[in-house]
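Visitor: In this note's numbering, the protein residues as written are 254 to 512.
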């Protein structure tokens, strides 16, 4: 993703009014907020850091020039958390299709894509994947901690709903955010993938709230699928690692009327 300007203050919302509310359409109470993970609460580290750190784990020090070339090639081949690959080799097609449902398919798909790039660094494909499992391999957005903390302090329940095939709970614990999250609805544990309404129903069930009183926050059309489950939905603009992404707009919706 290239440089982007500041996101709009409230993004796009489906199912709930935002800036102004006609007298006959009051904002419905929000008892819970469901958040997407990647692209909403956190972003993967930049490609150059990713490649240099993974190579170092393999005992190889890459100069910046070589690392930049490899980062471009590996990102184009297909990186978890990056843009979709232009081509998935036939021998990886089944794993690719199942990548958000089974941990072994997720690992096989992304290590297999990385292996299509010649690097001369033994073990690099696996090391690149391992970075994905580490807290250091991600950057929470600047507004993530204050937004989650304020929702928690206000008594609004929070769940993370993600199409993902590994456990992200340790990441939240490492970032000191686990105390602000009441539940996790992860595709590989539930067996459903967004935009399937069932994953949103399950998340609401985990929190003990009616979908009509929950807000889904994400950054893709898959997240907007929550509308079909009866949830109001806020779709945020994409943002690079470390840049504001408008997440604090959630507070204007979830805490409306609490002051």
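Each residue gets a CB set at the ideal place from its N, CA and C atoms; glycine is no exception.
1. At which residues does the beta strand (DSSP E) containing residue 468 begin and terminate?
2. Figure out for me which residue from 407, 315 and 457 has the closest Cα to the Cα of residue 372.
3. Tell me the residue span of the beta strand (DSSP E) that contains residue 372.
4. Enumerate, from N- to C-terminal direction, the unbroken alpha helix (DSSP H) stretches of 4 or more residues contained entirely within the region 325–406.
5. Quick check: residue 283 and residue 409, are their CB atoms within less than 8 Å of each other?
6. Terminal residues of the continuous beta strand (DSSP E) containing residue 486?
7. Quick one, which of 334, 365, 381 and 327 has its alpha-carbon nearest residue 347's?
8. Could you tell me the boundaries of the alpha helix (DSSP H) in which residue 503 lies?
9. Spatial neighbours of residue 275 within its chain, please: C-beta separation below 6 Å, excluding the five flanking residues on both sides.
10. Under the rule that 16 or more other beta-carbon atoms within 10 Å means buried, what is residue 464, buried or exposed?
11. DSSP state of residue 432, grouped into three classes?
12. Could you check which residue in 308, 480 and 319 has the C-alpha nearest to that of residue 375?
13. Do residue 397 and residue 294 have their beta-carbon atoms positioned less than 8 Å apart in this structure?
Guide: Taking the structure as given:
1. Within the chain shown, the letter at position 215 stands for residue 468. It spans 467–471 - the beta strand (DSSP E) in which residue 468 sits, taken as one unbroken run.
2. Looking up residue 372 in the chain shown gives position 119. Selected option, being the one with the closest Cα: 315.
3. Position 119 of the chain shown, counted from the first residue, corresponds to residue 372. Boundaries for residue 372: no beta strand (DSSP E) harbours it, and the DSSP string shows neither H nor E there.
4. Counting whole runs of 4 or more residues, the region 325–406 contains the alpha helix (DSSP H) stretches 346–350, 356–368, 377–385 and 397–406.
5. Within the chain shown, residue 283 is the residue found at index 30, counting from 1. Within the chain shown, residue 409 is the residue found at index 156, counting from 1. Yes, the pair counts as a contact, with Cβ atoms nearer than the cut-off.
6. Against the chain shown, residue 486 aligns to sequence position 233. Element bounds for residue 486: 485–488.
7. Your numbering for residue 347 matches position 94 in the chain shown. Answer by Cα proximity: 365.
8. Position 250 of the chain shown, counting from 1, holds the residue named residue 503. Where residue 503 is concerned, the enclosing alpha helix (DSSP H) stretches over 502–507.
9. In the chain shown, the residue the question calls residue 275 occupies position 22. With a pLDDT of only 35 at residue 275, under 50, the local geometry of the prediction cannot be trusted, and no value is derived from it.
10. Indexing the chain shown from 1 puts residue 464 at position 211. Counting the other CB atoms within 10 Å of its CB gives residue 464 a total of 16 or more, which places it among the buried residues.
11. Looking up residue 432 in the chain shown gives position 179. For residue 432, the secondary structure class from DSSP, reduced to helix, strand or coil, is helix.
12. Residue mapping note: residue 375 aligns to position 122 of the chain shown, counting from 1. Nearest in C-alpha terms to residue 375, of all of 308, 480 and 319, is 308.
13. In the chain shown, counting from the first residue as 1, residue 294 sits at position 41. In the chain shown, counting from the first residue as 1, residue 397 sits at position 144. Result yes, Cβ atoms of residue 294 and residue 397 sit closer than 8 Å.
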